[in-house]
Amino acid sequence: MRPKHERNNSGQMGALQNERDYLCTLETRSKDKLIVFSSSTTSPLNQLLSSQHPGGGLMKDLPITLPPTQTSSDTLAKEIVNNSSNVFHRKYSLKGISTVATPQTFFNNTISNVNTPFSSNGTAYLSPIPVSSESVNSILKKLVVNAAYHSRLGDADVDDAENAFFVADLGDIARQYYQWRSMLSRVEPFYAVKCNPDPTIVKTLVSLGASFDCASKAEIQTVLDMGVDPSRIIYANPCKQTSFIRWAAARGVTMMTFDNADELLKIKGVHPNAKVVLRILTDDSHSVCKLGTKFGASQAVVPSLLTTCRNLGADLVGVSFHVGSGCGSARAFSDAVALARSVFDLAEDFGFNLTLLDIGGGFPGRVTSGVTFAEIAAVLRPALDTYFPADMGVRIIAEPGRYFVSAACTLAVNVIARRVVHSTVISPLAVDSAVPNADRMLVDENVNPNAVVDETPSFMYYVNDGVYGSFNCLMFDHAIVTPRLLLRDGAYVYGTDLKDEVYRKYSCSIWGPTCDSIDCISKDAFLPQLNIGDWLCFENMGAYTMCAASTFNGFAKSKILYTNTEN
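Position in the sequence shown (from 1) plus 2 gives the number in my numbering.
Written as structure tokens, this is what we have:
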């Protein structure tokens, strides 16, 4: 169930509750005139419009034609469409507008014609990206069946049609957001951009009202370019480059973490107005990726850090922790909350009035095994109410990453090569000799071509994405991926029950396209016999995949197609 939103004084529902800045789309029909398109028809836009955008000044000096207050947004939209011979797209900030649209309408309107940033000579632009409304299954079927068709024809389209690709369901991200607001209503989600910085995905979360956890200058720039107010960013990297801190200060990003005295001195030296958040060390033994070996102040050093804060006059506003990425224990969160409260109490003894608790990340996406988000939320809610009751006035935020995007992305890969492998040689006889079932026996290319071998082969399949690409998650994120058959011999079989009597399964391994032997996706898969040109897919591929993909050996990163099933 989606969270309810209170109505504002005008009777309309606020798109982004409790926010000062709201987004409005500006469109231009020509290079000397802008049309403002907003669902708010009564606000004095000519006084509220701020044309200073972090991304640069493509249009900021152009005269702006404001709509008359009686002009409906539908009329404006029609006017824009009818005169759209030269349309550019930008995001601007409207100060104080609280009636842009309902959350659902605002999300759907934004995603129906997604604009994603790109830069040229330091100036940010926005380019239209097509977004479907079809199911992921429907898109997969169209593309792989089309690829098989062109492959049989051998025409010019086949080169691109055979490429691996993602399908990203932006609607799935929206549903995860609604679930978060329902199950953890006291906790503001700051999306961990590092998990998947794809601009269209980030913009989806902007439209939903999320804030952002950024770890670098580039990540901060990504969200600023989309019109996000700096107050909705936490620079959550405890060890930062000095020039990056100075750069963040110049752009109004004030909230940032630290876990050591040197970092605090560095921040105070170049960003004296920073609102610093002390990251403490918590138990991350139940997590896939343990972060405590690198970050987090132990309880033993917290008093000395509080002393340093006081001596420097630092604006210490809160405490943060991270139980580790991919946490498998709900109790780890509640234990960390209790530990954070003890630091709050200690900070009070040092004269600090802390107002922020950052409970970090580690929240799972949709999982089929292990702890679920619902189970974590059920433990977190009472822990927060016990240690940080609402009347305490502490703002509570979190840094979910994979929770939002893991299940939103499905990767389809093409089988580009195959090798047949046998482990047991039965006889040196020729295949055409009088050996039972010789017609069903295969010849191993690695042994005597006249040898008859075990009739139960295993296979090595080579696909067009690998560990140097999207499957880097196997090495860096300790992910476990499961191949699913998508298309076999021209027949689309995804989501169907593959009967053993029809689709006999064989032991196989799956390899990426590069020349490196480390490029192995799975060494012990079990699939029906595949042929070159067949397709596999991997679900839950939205987290820590495309963000760290490389172009090693000259192989391009897999493209992304978008759909929005939240209509």
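All residues carry an ideal CB built from backbone N, CA and C; glycine is no exception.
Keep in mind that this is a model prediction, so the values were computed, not measured.
Closer than 7 Å by C-beta to residue i: which residues in its own chain qualify, once you throw out the five before and the five after it? Chain order, please.
i, result
"Ala194", "Asp215, Gly363, Glu401, Pro402, Gly403"
"Gly320", "Val279, Leu356, Thr357, Leu358, Leu359, Asp360"
"Lys559", "Gly471, Met548, Ala551, Thr553"
"Ala342", "Ile282, Val321, Phe323, Leu359"
"Asp521", "Gly468, Val469, Tyr470, Trp513, Gly514"
"Val581", "No statement about residue 581 is possible, as the shown extent of the chain runs from 3 to 569 and does not include it."
"Phe346", "Val321, Leu356"
"Glu136", "Thr565"
"Ile269", "Ile247, Met258, Phe260, Ala276, Val278"
Please say whether residue j and residue i have beta carbons closer to each other than 8 Å?
i, j, result
"Asn198", "Met548", "yes"
"Ile562", "Asp227", "no"
"Leu529", "Lys507", "yes"
"Val133", "Thr565", "yes"
"Ile398", "Leu386", "yes"
"Cys510", "Met477", "no"
"His273", "Arg248", "yes"
"Val495", "Leu489", "yes"
"Ala340", "Arg188", "no"
"Val262", "Gly497", "As written in the sequence, residue 262 is Asn, which differs from the Val given in the question. No."
"Val325", "Ala334", "yes"
"Gly367", "Asn542", "yes"
"Cys411", "Gly492", "no"
"Phe375", "Phe390", "no"
"Ala419", "Glu377", "no"
Looking only at C-alpha atoms, which of the options sits nearest to residue i?
i, options, result
"Cys311", "Phe323, Thr259, Phe297", "Thr259"
"Asn474", "Asp261, Ala550, Ala527", "Ala550"
"His424", "Ser460, Ala334, Ser135", "Ser460"
"Ala170", "Val146, Ser187, Ser184, Ile203", "Ile203"
"Ala338", "Asn313, Gly298, Glu350, Pro366", "Gly298"
"Asn313", "Gly353, Asp393, Cys241, Ala410", "Gly353"
"Val303", "Gly271, Leu348, Ala340, Asp518", "Leu348"
"Phe192", "Val225, Ala481, Asp157", "Val225"
"Phe2", "Leu500, Tyr505, Asp499, Ser408", "Only positions 3 to 569 of the chain appear in the structure, and residue 2 is not among them; the question remains open."
"Pro232", "Phe246, Ala251, Cys241, Ala149", "Ala251"
"Phe167", "Tyr405, Asn466, Lys501, Asp518", "Asn466"
"Ala527", "Tyr464, Gln223, Tyr405, Ala149", "Tyr464"
"Thr388", "Ser306, Leu308, Leu266, Ser344", "Ser344"
"Phe406", "Val369, Tyr151, Val396", "Val369"
"Leu266", "Asp285, Ser306, Lys196, Gln301", "Ser306"
For residue i, which beta-bridge partners are listed by DSSP?
i, result
"Ala462", "In the sequence as displayed, the identity of residue 462 is Met instead of Ala. Beta-bridge pairing links Met462 to Arg421, Ser511."
"Ile562", "Phe168"
"Val278", "Met258, Leu318"
"Phe528", "Ser509"
"Glu190", "Ile399"
"Ala493", "Arg490"
"Ile236", "Asp215"
"Ala299", "Ile282"
"Val133", "Tyr564"
"Val415", "Leu538"
"Pro485", "Phe540"
"Leu359", "Val321, Ile398"
Please list, in chain order, all residues of the same chain as residue i whose beta carbon is under 8 Å from its beta carbon, the five residues on each side excluded.
i, result
"Ser153", "Val160, Ala163, Glu164, Gly535"
"Lys525", "Ser511"
"Glu350", "Leu356"
"Ile141", "Ser134, Val169, Leu563, Thr565"
"Thr458", "Tyr508"
Please return the same chain residues whose Cβ sits closer than 6 Å to the Cβ of residue i, not counting the five positions on each side in sequence.
i, result
"Leu186", "Ala379"
"Arg421", "Met462"
"Met257", "Ile236, Lys277"
"Leu538", "Val415, Pro485, Leu488"
"Asp479", "Tyr546"
"Glu8", "Confidence is the limiting factor: at Glu8 the pLDDT is only 37, short of 50, which leaves the residue's position unreliable and the question unanswerable from this model."
"Ala149", "Ala163, Glu164"
"Leu318", "Val278, Cys311, Phe354"
Kindly indicate if chain C contains any beta-carbon less than 8 Å away from that of residue i.
i, result
"Asn313", "Among the chains of the structure shown, chain C does not appear; only one protein chain is present."
Taking only heavy atoms of the ligand NAD into account, decide whether any of them is closer than 7 Å to the Cβ of residue i.
i, result
"Tyr193", "In the structure shown, the ligand NAD is absent, as is every other ligand, since no ligand is present at all."
Contact between the segment 500-518 and the segment 372-385 is defined here as three or more beta-carbon pairs at a separation below 8 Å; is this criterion met? no
Stretch pair the segment 205-213 + the segment 171-191: three plus CB contacts closer than 8 Å: yes
Between the segment 217-232 and the segment 410-419, can you find at least three pairs of beta-carbon atoms closer than 8 Å? no
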